[in-house]
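Chemist: Each residue of the sequence shown is one higher than the one before, starting from 783 at the first, in our numbering.
Using N, Cα and C, we set each Cβ at its ideal position, and we do this for glycine too.
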Amino acid sequence: MNNPHQNARTTRLDRAEMIRRILEDGRPVREVARGFGISERTARKWLARYRAEGTSGLENRSSRPRTVATRAAEYWFGVIEHLRREYRHTAEAIAGKLKLARSTVAAWLTRRGLGRLTALEPKEPPMRYQRQHPGELIHLDIKKLARFQRVDHRITGDRRNPSTGTGYDCFHVAIDDATQLAYVEVLPDETRRSTTAFLVRALRWFRARGIRVERVMTDNGSGYVTRLFRKALRMLGIRHIRTRPYTPKTNGKAERFIQTLLREWAYAIPFNSSDTRGTDLPRWLTWYNQQRPHGSLGRRTPAQALAATT
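1) Near R867, what residues of its chain come up, given a Cβ to Cβ distance below 7 Å and the 5 sequence neighbours on each side ignored?
2) T977 by DSSP, collapsed to three states: which one?
3) Could you pull out every residue in the same chain whose Cβ sits closer than 6 Å to the Cβ of L969, ignoring the five residues on either side in sequence?
4) Exposed or buried, A990, counting other C-beta atoms within 10 Å across all chains shown (16 or more means buried)?
5) Whose C-alpha, out of S1056, S838, H1022 and I920, is nearest the C-alpha of Y965?
6) For A956, which residues of its own chain have a beta-carbon under 6 Å away from its beta-carbon, when the five flanking residues on both sides are left out?
7) Nearest-angstrom Cα distance between T948 and A928?
8) DSSP three-state call for E799: helix, strand or coil?
9) What residue does the beta strand (DSSP E) around Y967 start on, and which one ends it?
10) In the DSSP assignment, find the unbroken beta strand (DSSP E) run with T1000 in it and report its ends.
11) In the DSSP output, what is K926 paired with across the bridge?
12) Let me check understanding here. Comparing Cα to Cα, which of M800, A960 and K926 lies closest to G917?
13) For M1017, does the count of other Cβ atoms within 10 angstroms reach 16, so buried, or fall short, so exposed?
14) Taking DSSP as the reference, what is the three-state secondary structure of N784?
15) Can you look up I862 in the DSSP assignment and give me helix, strand or coil?
16) Checking 8 Å against the spacing of the C-beta atoms, do T1091 and H864 come in under that value?
17) Distance, Cα to Cα, A834 vs D796?
18) Within a Cβ cutoff of 8 Å, which residues of the same chain sit near T1025, ignoring the five residues on either side of it in sequence?
19) Given that a residue counts as buried once 16 or more other Cβ atoms are within 10 Å of its Cβ, and exposed if not, what is S1004?
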């Protein structure tokens, strides 16, 4: 459940939307709080938790009193866990051995995540598939960021004259799966013409660096499903791979790059305006491609990863 607290005015999804309006749309905290029927103080509490803990900070916290288990209870819990892990005993078998109520044993095993035998098996490390050759797969995505005319109150701390939004900039992203080399443009929209034109320029940019693109992966955004976009790919002999609806993690390379762009650049630097932000993009992108090491690339930069393949 998103909202187990009966007196809470908002759910986790409400809070996420509230944070988006404050941080991405640049709307005043007081105005956003009023729209969700909560006080400005409460909205600032959730904003502070988000900044400190990320999305996990938007979860409800238990209001139950925090009690310290007695030594006797800790002892029995240790015995129960030992019998479960070492001997794979069922809750009924453990209860019989220890002369405890089966419901008590079962409830404790469930709380510890040991209710199913499969939970006792060691988890396999996640398999992260990465293409071996540059151009085998290019990920495309779009991120909208609010335009603004002066430094936002998130940077200055002055909320007396909040910056008003003037629409959105669309950050069109292309990233190579094998090397994580990235190309980005700021465009005024995400229409079929803008999306297709960006595709052509991105392919040209990769080609200038010796990368011939074989496949392109996108989500099901309106610009990517148009006849014009599909025709361009078909004429260029490039296969189009679309993610399943509502599964953005399928296009994870683009998603992770966008999060890096936001965390290390868009939200980290106090730009005077969105125009200044757009002007600074090539500088940051050069740093990302040529100087920023990546753990998934063995601490190499995308440029170094590309050079190693030639």
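Modeler: Reading from the atomic positions:
1) L902
2) helix
3) C952, H954 and S976
4) exposed
5) I920
6) I920, L922, Y965 and A984
7) 7 Å
8) helix
9) Here residue 967 is Glu; the residue named in the question, Tyr, does not match the sequence. Run containing E967: A964 to L969, per the beta strand (DSSP E) assignment.
10) R997 to T1000
11) C952
12) A960
13) exposed
14) Any reading at N784 needs caution, since the residue's pLDDT is 46, under 50, leaving its predicted position unreliable; the model's value is listed next. Looking at N784 - three-state DSSP - the assignment turns out to be coil, as it is neither helix nor strand.
15) helix
16) no
17) 18 Å
18) M999, T1000, D1001, N1002, T1032 and N1033
19) exposed
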